[in-house]
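When you read off a place in the sequence shown, starting at 1, and then add 54, the result is the number in this note's numbering. Quick reminder that beta carbons are idealized off the backbone N, C-alpha and C, glycines included. None of these values were measured; they are calculated from a predicted model. Working notes for the structure below.
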Amino acid sequence: MKPAADSKKIDYKKPDNLISFDKASSVFMSNTNHEEDQPCHLRLTDPQLPISFTLGEYDEPAQRYCPVGVYEVVKNDDGSDRFQINAQNCVHCKTCDIKEPSQNINWVVPEGAGGPNYPNM
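Structure (structure tokens):
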């Protein structure tokens, strides 16, 4: 993976809602079901690494390679950055487990029978 400083930012077209959809709609259409009060199935080996290393070096790529926006860098009240995992939006594609440059994200099988339900496939 190239460092962010050596890469051009991609300006993606807006979804057309016919063939392409926004991330929230894509999560909805996957019929993903998660049991309430489950432990997070997306685990960080080093919880500090996304902010201390990959944000500065790669502009935290998880917020772009995840197709449904599970990962975000958000601002705390004091203005510092925080890596947030929205595991309830995960469609279990395992892209994060494959693409993470530091291999810091470990995707584990969620508890229960949750996950996407693709009835027409």
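* Look at the Cβ atom of K153, then the Cβ atom of G123, and state whether they are nearer than 7 Å. => no
* Asked: Among K56, P155, Q157 and N143, which one has its Cα closest to the Cα of E90?
  -> N143
* Asked: Do N158 and L109 have their C-beta atoms closer together than 7 Å?
  -> no
* If you drop the 5 nearest sequence neighbours on each side, which residues of the same chain put their C-beta closer than 7 Å to that of D151? -> I159, N160 and W161
* Hey, how far is the Cα of F137 from the Cα of L72? -> 32 Å
* Would you call Y112 buried or exposed, if buried means 16 or more other Cβ atoms sit within 10 Å of its Cβ? -> buried
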